[in-house]
Amino acid sequence: MRALGVSMLWLMATPLAAAELRELELWERYRWGVIAVVAAGLLQAALIVVLLLERRRRMGAQRLNLAVLDSLPGAVAILDRQGAVLRASAPSAQREGLGALSTQRLLFPGGSYLQSLQKLAHAGEFETAGVATLLEDVLSGRVDEGMVEFRGPRADTWFELRARRLELPGGGAVVTVVDATPRRRAELEARRARDERAHMERVAAVGELGASIAHELNQPLSAILTNAEMAKRLLQRTPPDLTLLGEVIDDIVADNKRAGEIIRRTRALLKKDQGPFASHDFNALVRQVAQLAGNDAQLRGATLSLQLADTPLPVKGDGVQLQQVVLNLIINALDAVSPCPSGERQVWVRTQRTEGRVELVVEDTGVGLSPEAHKRLFEPFFTTKPAGLGMGLSISRSILEVHQGRLQAEPRPGRGTLFRCFLPSA
Ligand code: ADP
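Take 82 as the starting number for the sequence shown in the working numbering and just add one per residue.
Listed below in structure tokens is the structure:
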């Protein structure tokens, strides 16, 4: 019975043992293969985890970059060496008004900022031409960084664009555009205050001078009056005392000479700050003045165009005084165009050589000359401006006379006024 049980157990265990034996053989045979497959699987999983973590880290860094770009004032863009936008601050991060700028609208990733600027510059957008030139210089490595300022689309708005070369093997640049309006307004305000003060000082000086001339002239003039009355009385006597009359008339002549001397001395005093006569290139003098007047033109939203003769224009004289004449003509032209609608405020300044003379023309599209203004333009103290002194043109004419030059005004065909100034060519 026991033997039967043992054989039954043997019979039942045999298939199991066989299977185990087969598995054991398989494991023995493919062990390394299986280990390799499992190891490869684990490695792949680890790689995927590492890549996912790396991607998350990169996206975090990218988000940080964009957040930093967006939080910077104004608009910022990173350009590649061809001038294409790689990254830019979001339009929502750009201040209102800045987005309306043509240069701003071009700051979107994927577009070529440089090419768009070049196209606009080609189409005659003057402001864009300056920006395009700066970018070309920075991207080509001619300069490391630069800044241009240009006017915004709305009146009295200014922007400042800075470009800086990226110190990377691939090159490229960072462009920043910020609103420069508050700074420019403060500068213009300061200048206006300074001009105002200078004007007040001039008025005060003229007043003081006038008072002192009046005071000095008063004495000989009253002496002349007293002596003339005395002469009348002497003539009424019979017979008239001709000797005394002669003395009285001599006194009148002496007092008259004194009055003349006072006037001569005053003129000498006025001429005191006249510099030495020297040779100048009239083009250079005009160019400097036009630069000085650039701010005034911007302040009035006017376009000031300069067309200078190709060759130097030598003149002899006091450079400062000649510049005073040019500045006065330009400021008057800018004042004249101020009331005109924007876009119609044009002033041209031209120089040329005509028949051995140097000619300056200042032409404007302004309010023009009334018949009265045309007649009295060069009279001292004639002005139609609320804060005008009315001395600019009369002083300009005197300066030109000292330089053997001439100044004349005529209505401009169409609208406005044209001033012509001639100087002998040196
Ligand atoms: P001010 O500028 O202080 O008035 P000016 O002697 O320079 O003194 O000018 C005298 C006047 O001549 C001005 O007030 C103006 O009426 C007139 N005038 C001068 N330039 C122009 C111009 N370009 N267009 C129109 N009027 C002008």
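We put the CB at the ideal spot given by N, CA and C, even for glycine.
The model shown is predicted, which means the values in this text are computed figures rather than measured ones.
Item, Value
"With respect to the beta strand (DSSP E) encompassing D225, which residues constitute its N-terminal and C-terminal limits?", "Taken as a continuous stretch (DSSP letters only), D225 belongs to no beta strand (DSSP E), as it is neither H nor E."
"Identify whether D331 lies in helix, strand or coil by the three-state DSSP scheme.", "helix"
"Please classify I480 as buried or exposed, where buried requires at least 16 other C-beta atoms within 10 Å of its C-beta.", "buried"
"Take Q402 and list the residues in its own chain whose beta-carbon comes closer than 6 Å to its own, dropping the five residues that flank it on each side.", "I480"
"So, helix, strand or coil for R162, using DSSP?", "coil"
"Any heavy atom of ligand 1 closer than 7 Å to the beta-carbon of L302?", "no"
"Closest to Q379 by C-alpha separation, out of K466, S360, D416, G114, would be which residue?", "D416"
"Using a threshold of 8 Å, state whether the C-beta atoms of G497 and E444 are closer than that.", "yes"
"Terminal residues of the continuous alpha helix (DSSP H) containing H455?", "452 to 457"
"Apply the 10 Å Cβ neighbour rule to G398 and answer buried if 16 or more other Cβ atoms are within range, or exposed otherwise.", "buried"
"May I ask you to report which of helix, strand or coil DSSP gives F462?", "coil"
"When you measure from the CB of L474 to every non-hydrogen atom of ligand 1, does any distance come out below 7 Å?", "yes"
"Near V367, what residues of its chain come up, given a Cβ to Cβ distance below 7 Å and the 5 sequence neighbours on each side ignored?", "L389, V407, V430, T432, L441"
"Buried or exposed, going by whether 16 or more other CB atoms sit within 10 Å of the CB of N413?", "buried"
"Would you please state the rounded distance, in angstroms, between the beta carbons of P505 and Q485? I believe it to be under 8 Å.", "5 Å"
"Name the DSSP beta bridge partners of S193, please?", "A165"
"Measure from the alpha carbon of V219 to the alpha carbon of each residue in H455, E270, Q163, R168, then state which is nearest.", "Q163"
"Using the C-alpha atoms, what's the distance from V370 back to R272?", "16 Å"
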